[in-house]
Each structure stands twice: as structure tokens, then as C-alpha cells.
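Everything on this sheet refers to the single structure shown next.
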Amino acid sequence: MIESTIVENTAKAINELYDAEVKIQDIGLQKTRKEFNGDFTIVVFPFIRYSKKTPQKTAEEIGDFIVSHDEIVEKYNVIKGFLNLTLKDKFWKKFFLDNKNNSAFGFTKHFDGKPYVIEYSSPNTNKPLHLGHIRNNLLGFSLAQVLTANGKKVEKVNLLNDRGIHICKSMLAWEMWGNNETPDSTGIKGDHLIGKYYVMFEKRNNEVVNKLVQRGLAQEEAEKESPLLLEAQRLLKKWENKDAKIVSLWKKMNAWAYEGFSDTYDRLGVSFDKFYHESDTYLIGKKLVQEGLEQGILFEKEDGSIWADLSNEGLDEKLLLRADGTSVYITQDLGTAQLRHDEYDPEQLIYVVGNEQIYHFEVLKIILKKLGRTWAGNIYHLSYGMVDLPEGRMKSREGKVVDADDLMDEMYNTAMAMTMELGKIDGFSGQEAEKLYRIVGLGALKYFILKVDPQKNMLFNPEESIDFNGNTGPFIQYTYARIQSVLRKAVEEFSYNPAGLINIDFSFIQKERDILRIIYEYPAIVQQAGETLSPALVANYVYDLVKEYNQFYHDFSILREEDHNTSIFRIELSVFTGMVIKSAMGLLGIEMPERM
RNA sequence: GGUCCCGUAGUUCAAUUGGAUAGAACGUCAGAUUCCGGUUCUGAAGGUUGGGGGUUCGAGUCCCUUCGGGAUCACCA
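Numbering (numbering that gives the first Met the number 0), first residue to last: 0 to 595.
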């Protein structure tokens with residue numbers, strides 16, 4: 000690595016020139032910013048206390064030393080306290096020739112160590128997926144790709160929240176008012192059908208509560224005493240007691256939900272290695288709670304409910320089992336974590352879950368630690384912010400959720416309309432055209448969401464996302480398709496042979512170097528995205544690359560360049576660029592069209 | 001009220017994890033190109049990084065304080 004050589008030489012320079020020891024990690028090496036000349040930059044401010052000279056003078060002395068000791072460094076310049084080093088062309092040539100045909104460029108090959116388990120999606124089975132789930136799914140899937148690219152062993156897991164009061168509500172509503180409707184009988188997608196009954200329950204329950212309030216009950220009291228809710232709670236209790244009739248209804252309705260989810264996942268292009276069911280893991284959680292109770296780590300209240308006292312941690316008491324013995328959300332999460340630890344012994348257990356559950360995961364970790372699970376420290380909650388729409392906050396209670404399937408339909412239709420108007424898809428079969436609409440529509444959606452730092456709340460603007468200009472998925476796809484078009488023409492027009500450019504003579508102009516420099520960064524970007532668990536870094540990187548390439552494409556000819564060797568080089572540089580674009584977008588789960 | 005997160009151009013987002021004159025995109029205005037694919041590219045305008053202190057060679061980034069927005073503190077998940 001040239002970087003480490005430069006850093007070592009810098010340390011050596013300081014040692015020999017100023018007789019001081021500097022730690023390697025204290026030497027700040029960064030890529031040179033665009034507006035200055037050079038490839039790498041060393042910040043010399045920290046060294047002036049050794050040199051006792053001005054930053055300018057210090058930088059010059061170190062620069063001289065490096066140039067005379069490192070045969071890859073051609074020259075340097077100093078601006079303020081910044082030492083900018085320029086590498087020789089032969090370095091970039093070698094980099095280019097070594098990597099241009101390596102489709103795994105930027106990736107670490109071997110798996111090392113324990114697996115990384117990523118939980119994402121984790122839907123409730125009582126309603127279909129919405130926009131928030133989309134961000135979750137895209138993040139989880141992309142992270143898995145990024146970690147795999149970093150040579151990690153990755154397990155993608157999905158926890159189906161298939162039990163609890165919520166699904167009982169859907170079940171109750173369906174039993175009371177469903178007239179035995181099924182996905183088949185209605186033609187409604189399974190998860191949507193269940194969602195219909197969940198909404199129906201909430202609506203009727205509200206009506207009942209309102210009536211109780213009118214009769215003089217306090218709101219809170221009315222909510223607790225609503226006969227509908229009480230009935231749902233009875234269902235939950237029956238379910239935990241394995242009442243055959245309830246269990247069979249539960250199985251039937253959950254199966255509908257799973258079919259629906261499966262369709263949505265396929266369409267979204269995400270997948271899982273393993274599914275966990277809360278209905279299995281809550282029992283393990285109960286066992287853990289029992290264990291903690293026996294060891295005196297947890298305590299029981301008079302009504303029989305079981306709690307954890309977290310006051311030493313500055314938190315409240317936390318309920319773990321209700322008085323009636325049924326378990327709550329965190330109970331099953333304790334069990335799920337234990338199960339995963341037993342099965343994978345993971346290096347890291349990553350949960351992709353919205354930031355409204357930060358407290359939940361904090362509590363989860365504390366309780367596990369109290370129970371003696373030292374591996375609780377490997378739990379990492381990747382929390383992400385809300386997704387808003389231009390129309391304003393979506394609020395599920397107001398029924399204003401943006402349904403995942405509907406949104407994908409909308410993106411698909413917009414992609415189709417735009418392609419009809421602008422596309423060069425003559426000769427596409429119906430199937431090919433449909434595939435293209437899917438790729439472009441989804442690419443727009445995915446890119447727009449993933450380019451934002453996960454932690455932040457964001458605004459999804461469907462119109463802007465699918466714009467063919469600007470920092471969007473389709474713009475990147477377009478650039479890629481255009482490169483492929485150039486390549487096709489190159490093969491047709493002067494029978495370009497992709498094995499070409501091995502020993503031919505070629506030299507760079509500045510713009511070509513600029514592109515190479517950005518490509519050179521790719522491996523570091525992949526690594527950084529893995530370390531910080533942020534696909535957004537990859538998204539923003541690929542846009543920078545595309546922008547640089549488009550400037551080049553605009554200003555210089557590729558196929559019409561008179562010098563044949565230059566022409567060949569530019570074709571190959573374009574192909575290399577295309578390869579990295581495709582690779583980076585692949586990490587985001589976004590496909591590239593050959594034509595669009 | 002306690003805890004946590006977020007405040008960056010009109011808007012949506014960046015900023016190499018403490019480094020140079022805080023950058024892109026959309027929109028606006030002016031121009032070049034109209035040729036390998038819709039165009040693409042260049043330039044202009046737009047900022048007291050919510051405000052105020054502090055830490056040091058250096059702060060959007062770290063600390064304190066204050067204001068604004070959000071989340072959470074459920075026998076919902």
C-alpha cells in the first residue's frame with residue numbers, strides 16, 4: 000500500500016530531521032482535496048513542535064525527504080501547513096492495469112472470524128409493510144452486502160412478530176366480521192387482507208371507547224375496559240395456553256401474511272437466510288426470566304407480575320411477565336437474543352430497528368448483562384430515522400401510511416412513463432421492458448433512501464427520486480447504460496477486443512487521472528462503510544465517480560479520438576468505471592440496466 | 001419533567017470522524033455544446049453551520065449552556 004509507505008517515510012523523516020518519535024496513527028494522511036494539486040496530503044501542524052520551525056518550512060523538509068526516499072512520489076507542494084504529494088504516472092498506470100479486469104475490485108475475499116448476524120425487516124403479522132419498513136429492508140440488505148464485501152460471514156435474519164395482542168385484534172375482527180373471507184375469495188393480497196381487519200378492529204374499538212366515554216368513563220379507563228379489547232386479551236391468553244381453535248385460526252391468518260410479505264420481499268429484492276418466529280422465542284425468554292427470578296436478579300410483585308429493577312442504571316422498573324403469565328415484547332427479545340447467541344456465537348448481533356426503540360435496546364442489553372450474558376456487549380442497535388413524505392408526516396393512526404406495495408407500483412409506473420417518453424428501448428421484448436421499468440423504478444427508490452445517513456430522519460420525494468438528472472439512482476443507471484453503449488459501439492465499429500491494452504503505450508491527461516483517483520478510493524470506501532455500518536457512504540461515493548466521469552465524457556472523445564491507443568485506453572477506463580459503478584450500486588441492492 | 005437523537009444555502013442532502021476558502025443536487029439567473037444516447041458541462045447568486053461560551057496550531061465535528069424540532073420514559077410491538 001502506497002499510503003502506509005508514505006506514512007512510514009513521514010515518521011522516518013521526523014525521526015531523522017528532528018530526532019523525534021511519532022506514532023504511525025498520529026500521522027494524518029488524507030487524499031488531496033480537489034482544488035489543490037496532488038494525490039495525498041499530510042497535515043504537518045502536529046509536527047511543528049518537533050521541528051520548531053514554521054509549518055511551511057517543516058512541510059518542505061518532510062517533502063524533500065519523502066521525494067528522495069520514495070521512488071513513487073514524484074513531487075510535492077506546500078500550501079499553508081499542508082504537504083501535498085503527487086505520485087508518478089507509473090503508479091496510476093500500474094493501478095489501472097492491475098485492477099481494471101478484477102470484478103471483485105474493492106472487496107475483501109476471505110471470511111475471517113465469527114459471523115455477523117443482521118436482523119432486519121421484522122414485521123408484525125397484522126398488517127402489510129409500509130414506507131418505514133422499506134427503509135429498514137433496504138438498510139438491512141445493503142449492510143449485509145457491505146459486510147460481505149468486507150470479507151465477513153453474514154447471516155441475514157428476520158424475526159416475525161407473529162404473536163401478541165396485535166395479531167389477536169386482527170383475528171378477532173376477522174372472526175366477528177370477516178364472513179370467512181380469504182385472499183383467494185377476495186383476490187386481496189394476504190397481508191393486506193389481515194391489515195384490513197386490524198384497521199377494522201381499531202376503528203370499531205374506538206367507537207366503543209367513545210361510547211363508554213360518553214357514558215361518563217375516563218378516556219384511560221374506557222380504553223382499558225373496552226369489551227373488544229378485553230376479548231382480544233382473552234384470545235391472547237387462550238393462544239398462550241395453546242387453545243386448538245385459536246391456534247389454528249392464528250396459523251391460517253399468519254400464513255396469509257407470510258405469503259404477502261414474501262411477494263413484497265421478492266419484489267424489493269431482499270432476502271433472508273433464516274426466519275425466527277416470536278411464537279417460538281418467547282418461551283426461551285420466559286425461561287430466562289424464570290432463571291433470573293430464581294437467582295434473585297429479577298423480582299415478583301404481589302399480583303404475580305415479574306419485573307427487572309433498573310434503578311441502579313438510572314432507569315425505571317421494567318415489566319417482563321404480566322400477572323397472567325403472558326409475555327411482553329422484551330420477553331421474547333431476550334429469548335431471541337439467547338437463541339441467536341447459541342446458534343451463531345456472533346461477532347456482532349446487529350438489529351436494524353427504528354430509532355423509537357433506542358430505549359428498548361438499552362434495556363434489553365442491561366437485562367441480559369444482569370443475567371450474566373457477557374455477550375450482550377455484541378448487540379448493536381442500528382437505529383434509523385423516520386421517513387417523511389412531502390405531504391407531511393405519515394401517521395399510521397390517521398391511516399395515512401404509505402403502503403410498500405403501492406409505492407413500488409407508483410415507482411414502476413413512473414419509470415414506465417418516462418421510458419416511453421425518452422427511452423431507447425426499440426427491440427425490447429415486453430418482458431425486457433418490464434424488467435427495465437422495475438430496475439429503474441426500484442433503483443430510484445433505493446438510491447434516494449440509502450444515500451441518506453441512516454441515523455437521520457429523512458424526506459422521501461418520489462418525484463425527485465426518479466429524476467433522470469441530479470443525485471439520483473436513474474442518473475447513475477443512465478451513466479452506466481451509456482458506458483455499455485460505448486462499449487457495444489467499440490466492439491462493432493472497430494472490433495475492440497476487451498483483452499486489449501496490455502502492453503500498449505498510453506499516457507494520462509488530468510481528467511483521466513482524476514477518474515482513476517476516485518476509483519482508487521473505492522476499496523477504502525467499502526471498508527469504511529463496513530466499519531460505520533453506513534451504506535450512505537457508498538451511495539455518495541458512486542455519485543462522485545459518476546459526476547467525474549460525465550465531465551470527462553462531455554469534454555473528450557472516446558471512439559472518435561484520433562490516436563488509437565488513447566481511444567483504447569479511454570474505452571477501458573470507461574469499462575473500469577462502469578464496473579465500479581455496478582459494484583457499488585450492487586452493494587446498495589440496485590441493479591444496472593445495459594440499456595435504458 | 002427525566003433520558004436520548006437531530007438543527008448546515010430557499011429545499012433535499014454531503015463534509016475523508018478534529019484539518020485547507022463548509023460542498024453537491026433541485027430550483028433561479030447567465031453562458032458553452034447540440035457531436036459516443038435523453039443532453040452534458042461551465043459560471044453566478046445563495047451560509048454568522050440555531051444562538052452564546054469554552055478546549056487548541058485548527059471546531060460543522062469535542063465539552064458546557066441556551067433555544068427550536070423529534071423520539072422515548074406502556075401490563076403496544
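For glycine and all other residues, C-beta sits at the position ideal for the given N, C-alpha and C.
Within its own chain, the residues whose Cβ lies closer than 8 angstroms to the Cβ of L421, once the five positions on either side in sequence are excluded, are F467, listed in chain order.
For a cut-off of 8 angstroms, the C-beta gap from L86 to V72 is around 6 angstroms, short enough to register as a contact. T31 sits buried, since 16 or more C-beta atoms from the chains shown fall within 10 Å of its C-beta. In the same chain as D387, and ignoring 5 residues on each side of it, the C-beta atoms closer than 8 angstroms to its own belong to M393, N456, M457, L458 and F459, in chain order. Sixteen is the threshold: since fewer than 16 other Cβ atoms of the shown chains lie within 10 Å of the Cβ of F298, the residue is exposed.
When the beta-carbon positions are compared, I424 and G577 stay at least 7 angstroms from each other. In the three-state reduction of the DSSP assignment, N135 falls in the helix class. Partner residues in the beta bridge of K155, as assigned by DSSP, are I117. The C-beta separation of Y119 from N100 comes to about 34 angstroms, leaving the pair out of contact by the 8 angstroms criterion.
When secondary structure is reduced to three states using DSSP, Q218 falls in the helix class.
C-alpha of K188 to C-alpha of M199: approximately 17 angstroms in a straight line.
Segment contact: the segment 96 to 115 against the segment 241 to 250, fewer than three CB-CB distances shorter than 8 angstroms; contact not assigned. Going by DSSP, V451 is part of no alpha helix (DSSP H) at all; its letter is neither H nor E. The segment 267 to 282 and the segment 290 to 307 do not touch, with fewer than 3 CB-CB distances between them shorter than 8 angstroms. Counting every other CB atom within 10 Å of its CB across the protein chains shown gives M0 a total below 16, marking it as exposed.
Here D38 is buried. Its C-beta has 16 or more other C-beta atoms within 10 Å. Distance between I524 and M591, taken at the CA atoms: about 20 angstroms. With a cutoff of 7 angstroms on beta-carbon distance, F474 and F568 are scored as not near each other. Of all alpha-carbon atoms in I514, L435 and I557, the one lying nearest the alpha-carbon of I589 is that of L435. F459 sits in coil when the DSSP states are folded into three classes, being neither helix nor strand.
The residue among Y197, C167 and G177 with its C-alpha nearest the C-alpha of R233 is C167.
Three or more Cβ pairs closer than 8 angstroms define a contact, and the segment 377 to 384 meets that threshold against the segment 354 to 367.
I26 sits away from A19, with the two beta carbons spaced by 7 angstroms or more.
When the five nearest sequence neighbours on each side are left out, the beta carbons in the same chain lying within less than 8 angstroms of the beta carbon of H109 are those of G150, in order along the chain. Rounded to whole angstroms, the gap between the alpha carbons of H276 and I448 is 28 angstroms. Here K202 is exposed. Its C-beta has fewer than 16 other C-beta atoms within 10 Å. Nearest to Y264 by alpha-carbon distance, out of R339, L216 and F140, is F140. Around the beta carbon of P127, a 10 Å sphere encloses 16 or more other beta carbons of the protein chains shown; the residue is thus reported as buried.
With a cut-off of 8 angstroms on Cβ pairs, the segment 361 to 372 is in contact with the segment 307 to 325, counting three or more such pairs. The alpha-carbon of F555 is positioned some 37 angstroms away from that of L532. Residue nearest to Q476 within the set D543, P534, Y548 and K581 is K581 (criterion: CA-CA distance).
In this structure, the alpha-carbon of E462 lies about 27 angstroms from that of S270. Under the rule that a run must span 3 or more residues, the beta strand (DSSP E) segments found entirely inside the segment 351 to 438 read 378 to 383.
In terms of Cβ geometry, P453 and L137 do not form a close pair [threshold 7 angstroms]. Per DSSP, the unbroken beta strand (DSSP E) holding H276 starts and ends at K273 to H276. Rounded to the nearest whole angstrom, the CA to CA distance from Q331 to G371 is 17 angstroms.
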